[in-house]
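Here the structure comes first, spelled out in structure tokens, and everything after it is commentary.
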Amino acid sequence: MNNKLDQVVVITGASSGIGEATAHLLAKDGAKIVAVARRKSRLDQLVKDIEATGGQAIAVEADVTAFEDMQCAAETAKDTYGRLDVWVNNAGVMPLSPVEMNRIDEWNWMVDVNIKGVLNGVAAAQPLMRAQGSGQFVNISSVAGHLVFPGAAVYCATKFAVRAFGEGIRMESDGSIRVTNISPGAIKTELTDHISVAEVKEGVKTFTEIAIDADAVARAIHFAVAQPADVDINEVIIRPSKQT
Ligand code: NDP
């Protein structure tokens, strides 16, 4: 194995899609992974697969909406690997619907996971990073954090918020805390599974048909994480070539 990465990396939402692909790629290159999500059996399989190829990973069953769970993930990084270098705020949900449908429960769900989950992750990780004198947040926003689409108003609002919050951390940092925002376009994952409005689910097929593999995003995260301490990759947008 080519040990190019020497970081301890917490990844939320590591049980599928972008988080899972990122865990595999970074672990393959030497990073020690703390894999966080609610589906423990998926995380256990991920850890097994990483270990089978000579990598190191540990699973933490946790809900990003609970601050104590994020603290537990941060403590696991410190207790198991001695430090915490990178926190990837990746967990997210996208139950899209037009605003006029008033799907308040789904709005709250998106706000809780996509925004508060990121706040919880940062709150749990930053004391350790500040004590170490260095750290990096990689926040997964979206093309929907740059543009607003009909049917996606609340999702877009949450992804704009992720970018705004990340930029705020960066502006307040003396350089010891780096912040990378990654904005994917259509990626082949389980993200659309939770859409409960039939017409909306049908509508997103134009995106899912052109979607690219989660590895594309994992490679961008690897690029950002592999930079030397005096380089901060701030913003990456990754779309399928066919996405307008
Ligand atoms: P997936 O649905 O495949 O993965 C979502 C991950 O989030 C799962 O691992 C899930 O794990 C985790 N998750 C959801 N809710 C919680 C929670 N409350 N606590 C902890 N983990 C949670 O989708 P993607 O891989 O596509 O999504 C990853 C990120 O990428 C999201 O932030 C999404 O918004 C963003 N994104 C995705 C795009 C795409 O086209 N796929 C495009 C742009 C951005 P579990 O259910 O086990 O808890």
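-17 is the number of the first residue of the sequence shown in the working numbering; add one for each residue after it.
For every residue, glycine included, the Cβ atom is placed at its ideal position computed from N, Cα and C.
query: Pair within 8 Å by beta-carbon distance, V104 and A59; result: no
query: Classification of E2 by the beta-carbon crowding that lies within 10 angstroms, buried from 16 upward; result: buried
query: Cβ-Cβ distance between L25 and A48 below 8 Å; result: no
query: Nearest neighbour of G64, chosen from D45, V70, N71, A55 [CA to CA]; result: A55
query: Contacts around F142, its chain only, beta-carbon distance under 7 Å, and the 5 residues preceding and following it disregarded; result: G127
query: L173 beta carbon near the ligand NDP (any heavy atom closer than 7 Å); result: yes
query: Beta-carbon proximity of A17 to L28, cut-off 8 Å; result: yes
query: Identity of the residues DSSP links to S165 by a beta bridge; result: I219
query: Rounded straight-line distance, which links the Cα of N121 to that of I215; result: 12 Å
query: Distance CB(V93)-CB(V75) smaller than 8 Å; result: no
query: Cross-strand partners of A19 (DSSP beta bridge); result: E43
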